[in-house]
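Residue numbers (my numbering): 46 to 335.
Structure (structure tokens):
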């Protein structure tokens, strides 16, 4: 999946650590961390270069912790590092990279939520991030997740239950390419036919084809040019039978306060697991459109 995200002209190098310690994190969140950081590295390059992904068991001393986060504690961690040989960053940019909606991308390529999402996932799992960058030479993001000392997963494996699946057709709209590909892969794993695009305008054109069967619109809320609410309203005019599910890295109440969405809409919080997605999509598809 990662090679598809970065293209053929960028070399992907994988350096796995030996016998990694256990950490507590949802596997789907690891997928999203890798996808977001890899796309960020790709965008720092001029169409070619090298991305290195490395994992390992490390001990973080006070100096390392103090550099990365004021509340980080020395101890044993599993490190995930993503490095590129791209343009690097100036100090002013580095100071803002984890701020929501901060982006240096041009022409509306992204909302600036990619690294903010990475930061949120890492902090949610009690980890921290260190960033080393040199302008015109490249950048390395190092994620540190605390070791679970028990010698087995901190969260007992849940009893396996079959995920709800379906064969309906879903129009997926997400301007962050890494999230788009990850969500598309999840939906296709669940059996759905997926029409995926990063462009709301293209989604509107796809929905405008009466011969194209679409049962559900799954769209991000905050997108450049046309937000998810505007897109859903336009599609509802021409295809009122299509149900809608919104997703965002922001909570539903925050988005409602900003006036982007009304309260009580169908909403999926990002980042989400495969089970979260499976259950919510099935629930919306089986509910009559309001």
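Beta carbons: idealized from backbone N, C-alpha and C, even for Gly.
Out of 228, 80, 52, 189, state which residue places its alpha-carbon closest to the alpha-carbon of residue 418. Shown here, the chain extends from 46 to 335; a query on residue 418 therefore has no answer.
Do residue 89 and residue 127 come within 7 Å of each other at the CB atom, strictly closer than that value? The count along the chain shown starts at 1 and reaches residue 127 at position 82. The count along the chain shown starts at 1 and reaches residue 89 at position 44. Going by C-beta atoms, residue 127 is not nearer than 7 Å to residue 89.
Determine the contact status of residue 213 and residue 260, defining contact as a CB-CB distance below 7 Å. Here residue 213 corresponds to residue number 168 of the chain shown, with the count starting at 1. Here residue 260 corresponds to residue number 215 of the chain shown, with the count starting at 1. Their beta carbons are under 7 Å apart, which means residue 213 touches residue 260 by this criterion.
What runs of the alpha helix (DSSP H), each 4 residues or longer, lie entirely inside the region 235-277? 245-252
For residue 188, list the residues DSSP reports as bridge partners. Within the chain shown, the letter at position 143 stands for residue 188. For residue 188, which the question treats as bridged, DSSP gives the partners 125, 174.
Mind checking who residue 288 pairs with in its DSSP beta bridge? Walking along the chain shown from the start, residue 288 turns up at place 243. Looking at the DSSP assignment, residue 288 forms a beta bridge with 261.
Nearest to residue 285 by alpha carbon, out of 252, 186, 316, 267? For the purposes of this step, residue 285 is identified with residue 240 of the chain shown, where counting begins at 1. Measuring from the Cα of residue 285, the nearest candidate turns out to be 252.
Quick one: measure Cβ to Cβ for residue 125 and residue 50, integer angstroms, because I've assumed they're closer than 8 Å. Numbered from 1 along the chain shown, position 80 holds the residue referred to as residue 125. Numbered from 1 along the chain shown, position 5 holds the residue referred to as residue 50. Actually they do not touch by this definition, with Cβ atoms about 17 Å apart.
Among 166, 181, 177, which residue has its Cα nearest to the Cα of residue 70? In the chain shown, counting from the first residue as 1, residue 70 sits at position 25. Measuring from the Cα of residue 70, the nearest candidate turns out to be 166.
Mapping the DSSP letters down to three states, classify residue 50 as helix, strand or coil. As a first step, residue 50 must be located in the chain shown, where it is residue number 5. Three-state DSSP puts residue 50 in a helix.
Would you mind working out which of 74, 163, 256, 189 sits nearest residue 322, comparing C-alpha positions? Taking the chain shown and counting its residues from 1, one reaches residue 322 at position 277. Closest option to residue 322, Cα to Cα, is 74.
Per the DSSP calculation, residue 105 is bridged to which residue(s)? For the purposes of this step, residue 105 is identified with residue 60 of the chain shown, where counting begins at 1. Bridge partners of residue 105: 120.
Spell out the partners DSSP gives residue 216 in its beta bridges. Counting from one through the chain shown, the residue named residue 216 turns up at place 171. 240, 262.
Determine the contact status of residue 59 and residue 96, defining contact as a CB-CB distance below 7 Å. For the purposes of this step, residue 59 is taken as residue 14 along the chain shown, with counting starting at 1. For the purposes of this step, residue 96 is taken as residue 51 along the chain shown, with counting starting at 1. Cβ distance not < 7 Å, so residue 59 and residue 96 don't count as in contact.
Contact between the region 171-186 and the region 307-317: three or more CB pairs below 8 Å? no
Assuming residue 276 and residue 218 are in contact, meaning their beta carbons sit under 8 Å apart, how far apart are those beta carbons, in whole angstroms? Taking the chain shown and counting its residues from 1, the one referred to as residue 276 is at position 231. Taking the chain shown and counting its residues from 1, the one referred to as residue 218 is at position 173. The pair is a contact, with the Cβ atoms about 7 Å apart (cut-off 8 Å).
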